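First up is the structure itself, then whatever we jot down about it.
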Amino acid sequence: MELSLKGKTAVICGSTQGIGLATAGELAALGAECILLARNKESLKTAVAGLATDHLQEHSYVVADFRDTQQVEQAIKSITEKQTVHILVNNTGGPKAGPVMEADIHEFTDAFQQHLIINHILVQAVIAGMTAAGYGRIINIVSTSVKAPLKNLGVSNTIRGGVASWAKTMAGELAPYGITVNNVLPGMTNTARLQSMLEYNASKRNTTLNNIEEEYLKEIPMKRFGDPKEIAAAVAFLATPAAAYITGTNICVDGGRTPVL
589 MELSLKGKTA VICGSTQGIG LATAGELAAL GAECILLARN KESLKTAVAG
639 LATDHLQEHS YVVADFRDTQ QVEQAIKSIT EKQTVHILVN NTGGPKAGPV
689 MEADIHEFTD AFQQHLIINH ILVQAVIAGM TAAGYGRIIN IVSTSVKAPL
739 KNLGVSNTIR GGVASWAKTM AGELAPYGIT VNNVLPGMTN TARLQSMLEY
789 NASKRNTTLN NIEEEYLKEI PMKRFGDPKE IAAAVAFLAT PAAAYITGTN
839 ICVDGGRTPV L
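Sequential numbering of the sequence shown, starting at 589, is according to the numbering used here.
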């Protein structure tokens, strides 16, 4: 099985913490040269310094705020002008929790921009290089809400579904060029995002964090939350040559929680 990513360049978004950082770590361990994309310069420096360089990679970072489309366009252009991007990992923090009917219209427009629009800008920028190289991996970190909507995540459920449909459409268009497009759907994973969800529900229901956590764990057959590295492992596999015939899929990494096929 060909799992080496030596000689490949990967751009990983939202890569200073959680799933994004874990993904950068896995890709670097497989030999990829990683370019981290996020908005906090100091956090980016720290993240890059922690990546493996066993294959003499020269990891780097570019600062960009996903709320600013022009800044993102300039950031990805600065990368593609210098090198071919073989792997793109789209990863952005989710919208705030809450019922869909309580969401302000701007919550939808902001989330749409930071997820689907930014993803599209990045993909359009790297496609030419991937096509010329005959190798491309576009992997979107989405959510299991693509399969089954999650309670009190109204805006997220809505936007994630749009991203999944966009990716499926794109997978068919890009397949002839050796470019795969897949979505990884994390379940409840030990990240700052999960902590904020626990706190929101505890506050909303006037109960303790422990009570909410116990309720969540009852829904997971494995009876534990995921580790970011477990999500990253799925992303890393999809980025390798071994996954060349996998495209247009939604892959749940959720301990068996999602109640649909």
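A virtual CB, placed ideally from N, CA and C, is assigned to each residue, including glycine. Just so it is clear, the structure is predicted and the values come from calculations on it, not from any experiment.
>> By the three-class DSSP mapping on this structure, what secondary structure does residue 607 have?
In response: Helix.
> Quick one: what's got a C-beta closer than 8 angstroms to residue 846's C-beta in the same chain, skipping five residues either side?
Replying inline: The answer, listed in chain order, is 732, 735, 736, 773, 775, 840.
> In terms of residue numbering, what span does the alpha helix (DSSP H) encompassing residue 740 cover?
Replying inline: Per DSSP, residue 740 lies in no alpha helix (DSSP H) segment and is marked neither H nor E.
>> Taking the alpha carbon of residue 823 as the reference point, which residue from 600, 788, 802, 595 has its own alpha carbon closest?
In response: Answer by Cα proximity: 600.
> Is residue 716 buried or exposed, if buried means 16 or more other CB atoms sit within 10 Å of its CB?
Replying inline: With fewer than 16 Cβ atoms within 10 Å of its Cβ, residue 716 is classed as exposed.
>> Residues in the same chain with beta-carbon distance under 8 angstroms from residue 799, minus the five sequence neighbours each way, listed in chain order, please.
In response: Result list for residue 799: 790, in chain order.
> Given residue 837, which residues of its chain have a CB within under 6 angstroms of its CB, disregarding the five upstream and five downstream residues?
Replying inline: Cβ neighbours of residue 837 beyond the five flanking positions: 770.
>> Tell me which residue opens and which closes the alpha helix (DSSP H) that residue 561 is part of.
In response: This structure cannot speak to residue 561, because the chain is shown only from 589 to 849.
>> Quick check: the Cα distance between residue 602 and residue 613, rounded to an integer number of angstroms?
In response: Straight through space, the alpha carbons of residue 613 and residue 602 are spaced by roughly 13 angstroms.
>> Could you compute how far the alpha carbon of residue 597 sits from the alpha carbon of residue 621?
In response: Rounded to the nearest whole angstrom, the C-alpha separation of residue 597 and residue 621 is 5 angstroms.
> For residue 700 versus residue 747, is the C-beta spacing smaller than 8 angstroms?
Replying inline: Taking 8 angstroms as the Cβ cut-off, residue 700 and residue 747 qualify as a contacting pair.
>> Taking the straight line between their C-alpha atoms, what separation do you get for residue 785 and residue 685?
In response: Going by C-alpha positions, residue 785 is about 7 angstroms away from residue 685.
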